[in-house]
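Novice:
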Amino acid sequence: MGRAAEGVNDPWYENYRRLVTDPDLRTALKNTVLLTVCTVVFQVGIALILALLVDSIRVGAKVFRTVYFFPIVISATALGLMFNLMFLYKGGMVNQLLLNMGLLES
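Under our numbering, think of the first position of the sequence shown as 2, with each following residue one higher.
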């Protein structure tokens with residue numbers, strides 16, 4: 002192979018050498034580890050506390066759990082209906098847009 006077959010990054014390890022010697026790498030790794038630890042500790046901690054609080058309810062537990070879980074069900078239903086309206090084969094918003102642009106035949 003001649004000179005034309007050689008890649009842009011010769012030698013192939015040059016990018017890795019620059020990465021390891023980059024002074025910002027340590028800062029980026031420190032920030033990433035800190036973000037990961039804080040996210041895991043606080044999200045899991047708060048979720049565990051809320052789960053224990055909900056589990057300790059004696060009177061009206063079923064009603065409270067239903068009310069507590071209701072927004073999740075409603076948002077999933079609304080999202081499903083929205084995608085159904087957007088991507089419906091006959092009359093969906095995306096297909097109407099493609100028809101008006103002339104990219105789709107009726």
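All residues carry an ideal CB built from backbone N, CA and C; glycine is no exception.
What you are looking at is a predicted structure, and each value in this text was computed from that prediction instead of being measured.
(1) So, with DSSP's three-state summary, where would you put residue 105?
(2) Is residue 69 helix, strand or coil by DSSP?
(3) By DSSP, does residue 58 sit in helix, in strand, or in coil?
(4) Would you kindly check if the distance between the Cβ of residue 107 and the Cβ of residue 100 is under 8 Å?
(5) Where does the unbroken alpha helix (DSSP H) through residue 17 begin, and where does it stop?
(6) For the putative contact between residue 75 and residue 65, defined by C-beta atoms under 8 Å, what is the C-beta separation to the nearest angstrom?
(7) If you drop the 5 nearest sequence neighbours on each side, which residues of the same chain put their C-beta closer than 6 Å to that of residue 19?
(8) Less than 8 Å between the beta carbons of residue 87 and residue 94, yes or no?
Specialist: Looking at the coordinates:
(1) coil
(2) helix
(3) coil
(4) yes
(5) 15-22
(6) Contact flag wrong, Cβ pair sits at about 17 Å.
(7) none
(8) yes
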